[in-house]
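Q: Dropping a structure here in structure tokens format, bear with me for questions.
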Amino acid sequence: MKHSRALLLSMLPLALPAQGTVPRLYLAPDLEITARQIKAEGSGMPDKISVAPDGRIVVIPKSYYGGIHAFDASGKSLGWKVSAEGPNAEIGWVGSWGWIGTTFWVGDPRYGQVVLVDPKGHVVRSIEYPSWVHPHWAERRKYPLFASMEVRAVYPDTSMLVVPLRPRSVLGTPGYNRSLAHLVHVNPSGAIEHTVATFHAEGGILTLQGVGRSEHSMPVPFRARDYRAISADGYRVALVSPGVTLADSGTVRVVMLNEKGDTIFRRRYPQPAVRVQQAAVDSLLARVNGFGSTSAQQVRSRLAVRVPAFRSYVTDAFVGNDYTTWVVQRPVNDTAKARDAVVLDAHGDAVALVALPVGITPLAVDRQHLWGIDRAAYGIVRLKLQATPPPVTATPAPPSRSGTAAAAKVRVPR
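Taking this note's numbering, the leading residue of the sequence shown gets 263, the next gets one more, and so forth.
Structural data, given as structure tokens:
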């Protein structure tokens, strides 16, 4: 396989895979960790979770209140906690996380470290961030120096997949495009080994320069956002781009790369092809004001040329521990609740179409499961895919204010 970059791949013709009948599957309850169980751990409401290859669930609470803790695959507490708040905390700020086999890692930008946590909850190692992300001497014209970074994956040899930030040019770097963000593989000392992918960090955002260093950013109307999803072990990187031009309308492009930037697959999948209505664009632009020395008309003109021809319906993407990819789309008549996901296997074949449950924020997936947070009950759920819809259950409604019993509400777990 040839070394590839996302920017180059986006320029290549991609074949639409043969569309057979993709089965409709359904999500049914498989596991629930209730808010009471989470509170019993001395933790606040869950904010994020990470699922290990063996099914363990690590919980990161809001504002890190109560520390990071974990449950096994059956929902039983593992009885450990890693502090992530206060002056004596082992972790200052949870910026990113993932897995090296059975070891959980946390990228901590506040303390400039990667913390490794073993299955028993012991902090077994702290890896200091390199002072600089930098090129090898032979590539000094290809990359500048970078003063900081965002960690996206950590590997067994303690090399990392990072997005370098705050470039500092000592020499001229004609091979480096500052308008793009770079996802690079660095060795433990911070030397860049290779670029895995490049992408527009703030696609669909117009940034205006004001007085001095002041800036103002505004979204492009009907902007089409690209999505990047990285597996928890860092060995798969999915780049998901909705087609918004006449040539690629009605499709979503998925490019799957490995940790070296080699292409695993690149395919297109269908999405609705709906043109952006000019009247809607004009209505939005009419409300745009100027900023600094840039007049309102100049701002509107700069926004207008960036408006896509077709609408995008992609809302998220996930890559599981088994390298399954879920691409989430909303319907054309957006209800702000209904979402469907197409499930792709490790080779890029579409294997299922799934309606996502309303009220559940999905955070992790594999080919058979979805893990997420129940926004109403503040609990954690694991749902499993099955061929038949889950049964309809009736739950009693609370009594009315008049004291008479209200009719039972019918709830369909989706």
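Cβ atoms here follow ideal geometry from the backbone N, Cα and C, with glycine treated the same way.
A351 and S345: beta carbons closer than 7 Å?
A: Their beta carbons are under 7 Å apart, which means A351 touches S345 by this criterion.
Q: Give the DSSP-derived three-state secondary structure of K301 in the structure shown.
A: Helix, per DSSP.
Q: Grab the span of the alpha helix (DSSP H) containing V561 for me, first residue to last.
A: From DSSP, the alpha helix (DSSP H) with V561 extends over A558 to A566.
Q: Give me the Cα-Cα distance between V446 and P652, rounded to the nearest whole angstrom.
A: Their Cα atoms are separated by approximately 43 Å.
Q: From what residue to what residue does the alpha helix (DSSP H) around S336 run?
A: Here S336 belongs to no alpha helix (DSSP H), and DSSP marks it neither H nor E.
Q: Looking at V320: is its Cβ nearer than 7 Å to the Cβ of A626?
A: Not a contact, by the Cβ cut-off of 7 Å.
Q: Answer yes or no: do G466 and R485 have a C-beta to C-beta separation smaller than 7 Å?
A: Yes, these two residues count as a Cβ contact at 7 Å.
Q: Closer than 6 Å by C-beta to Q253: which residues in its own chain qualify, once you throw out the five before and the five after it? Chain order, please.
A: Here the chain covers residues 263 to 676 and nothing more, so residue 253 does not appear.
Q: Apart from the five residues just before and just after R573, which ones in its own chain have a Cβ nearer than 7 Å to its Cβ?
A: Only F484, V536 and V538 meet the Cβ criterion.
Q: Can you have a look at V432 and say buried or exposed, based on whether 16 or more other CB atoms are within 10 angstroms of its CB?
A: When all chains shown are included, V432 counts as exposed.
Q: Is it right to say H398 is buried, meaning 16 or more other beta carbons lie within 10 angstroms of its own, or is it exposed?
A: With fewer than 16 Cβ atoms within 10 Å of its Cβ, H398 is classed as exposed.
Q: Enumerate in chain order the residues of its own chain whose CB-to-CB distance from P429 is below 6 Å, with the five nearest sequence positions on each side excluded.
A: Closer than 6 Å at the Cβ level, and outside the excluded window around P429, lie P406 and F408.
Q: Identify, in the order they occur along the chain, each residue of the same chain with its Cβ nearer than 6 Å to the Cβ of R286, setting aside the five sequence neighbours on each side.
A: Excluding positions up to five away in sequence, the list reads L615.
Q: Could you round the C-beta distance between A208 and G363 to whole angstroms and report it? I think they count as a contact, below 8 Å.
A: This structure cannot speak to residue 208, because the chain is shown only from 263 to 676.
Q: Please state whether DSSP places W355 in a helix, a strand or coil.
A: Here W355 sits in coil by DSSP.
Q: For the region 549-561 and the region 466-481, state whether three or more C-beta atom pairs, one from each stretch, are separated by less than 8 Å.
A: Touching, yes.
Q: Per DSSP, which one or two residues make a beta bridge with L591?
A: Position check: residue 591 holds Gln in this sequence, whereas Leu was assumed. V576 and D602, per the DSSP bridge assignment.
Q: Taking the CB atoms as reference points, tell me whether R644 and D380 lie closer together than 7 Å.
A: No, the pair does not count as a contact, with Cβ atoms beyond the cut-off.
Q: Which of the three DSSP states is assigned to D370 in this structure?
A: D370: strand per DSSP, three-state reduction.
Q: Contact criterion: CB-CB distance below 7 Å. Does N439 meet it with respect to chain D?
A: Any reference to chain D falls outside this structure, which holds one protein chain only.
Q: Given this structure, state the Cα-to-Cα distance separating S563 from R498, to the nearest angstrom.
A: Whole-angstrom Cα-Cα distance: 39 Å.
Q: For R267, count neighbouring Cβ atoms within 10 angstroms of its own Cβ and tell me buried if that reaches 16, exposed if not.
A: Confidence at R267 is low in this model, with a pLDDT of 42, below 50, so the placement of that residue should be treated as unreliable; the coordinate-derived value is given next. Label assigned to R267: buried.
Q: Between which two residues does the beta strand (DSSP E) containing S479 stretch?
A: From DSSP, the beta strand (DSSP E) with S479 extends over E477 to P481.
Q: Within a Cβ cutoff of 6 Å, which residues of the same chain sit near E347, ignoring the five residues on either side of it in sequence?
A: Taken in chain order, the residues that qualify are Y326.
Q: From the DSSP output, which residues share a beta bridge with V627?
A: L632, per the DSSP bridge assignment.
Q: Checking 7 Å against the spacing of the C-beta atoms, do R629 and T586 come in under that value?
A: For R629 and T586, yes; Cβs fall inside 7 Å.
Q: Measure the beta-carbon distance from V376 to G369 and round it to whole angstroms, keeping in mind my assumption that it falls under 8 Å.
A: That belief holds up - the Cβ atoms of V376 and G369 are roughly 6 Å apart, short of 8 Å.
Q: Considering only residues of the same chain and omitting the five flanking positions on each side of L632, which have a CB-CB separation below 7 Å?
A: Result list for L632: L289, P624 and L645, in chain order.
Q: What's the gap between the Cα of R414 and the Cα of G360?
A: Approximately 8 Å, taken between the alpha carbons.
Q: Once DSSP output is grouped into helix, strand and coil, what is the label at P291?
A: Reduced to three states, the DSSP call for P291 is strand.
Q: Straight-line CA distance for A280 to V590?
A: Here the model assigns A280 a pLDDT of 46, short of 50, so the residue's position is not dependable and the matter cannot be decided.
Q: If you count every other CB in all the chains shown that lies within 10 Å of the CB of L508, and 16 or more means buried, which is it?
A: That one is exposed.
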